[in-house]
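See below for the structure under consideration.
In this note's numbering, the protein residues as written are 1 to 132.
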């Protein structure tokens, strides 16, 4: 693998080039879809390592865990009357997901395409993570 351009430097013919240490990740990246209400954290679900979010995983594993957390929080009403917002990621806009949410009876709040100003994580999640 050739070195990165920013690691290059000029040397004389009789000089030995510097050794460039290879960086590696000790821990792989993990994805945690996080769900929160107006009162704070509701649930987070860890995606298995080296997996991607698909409509199947989202509807069969992730959302049922979230709904269960809502049932614990609001045992009398559960998800009835709740409004649900997520972005326009493929797993969120798939036919399977839309049908699952429609059958669940949640009121969906549409996410406008290419909208940087409607990012709830900017208002609650990221500042909270920075503080802690």
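Think of the CB as a built atom: it goes at the ideal place given N, C-alpha and C, for glycine as much as any other residue.
Excluding its 5 nearest sequence neighbours in each direction, residue 106 has C-beta neighbours in its own chain below 8 Å: 79, 82, 83 and 84, listed in chain order.
Contact between residue 42 and residue 35 holds: CB atoms are separated by about 5 Å, below the 8 Å threshold. Of the other Cβ atoms in all chains shown, fewer than 16 fall within 10 Å of the Cβ of residue 114; this residue is therefore exposed. The beta carbon of residue 91 is closer than 8 Å to those of 53, 54, 55, 57, 58 and 97 in its chain, skipping five residues each way along the sequence.
Here residue 17 has 11 as same chain residues with Cβ atoms under 7 Å from its own Cβ, once five neighbours each way along the sequence are excluded. Closest by C-alpha distance to residue 121, out of 19, 94, 87 and 101, is 87. Look at residue 43 here: in three-state DSSP terms it is strand. Bridge partners of residue 92 according to DSSP: none are assigned. In terms of Cβ geometry, residue 45 and residue 65 form a close pair [threshold 8 Å]. When the beta-carbon positions are compared, residue 63 and residue 100 come within less than 8 Å of each other.
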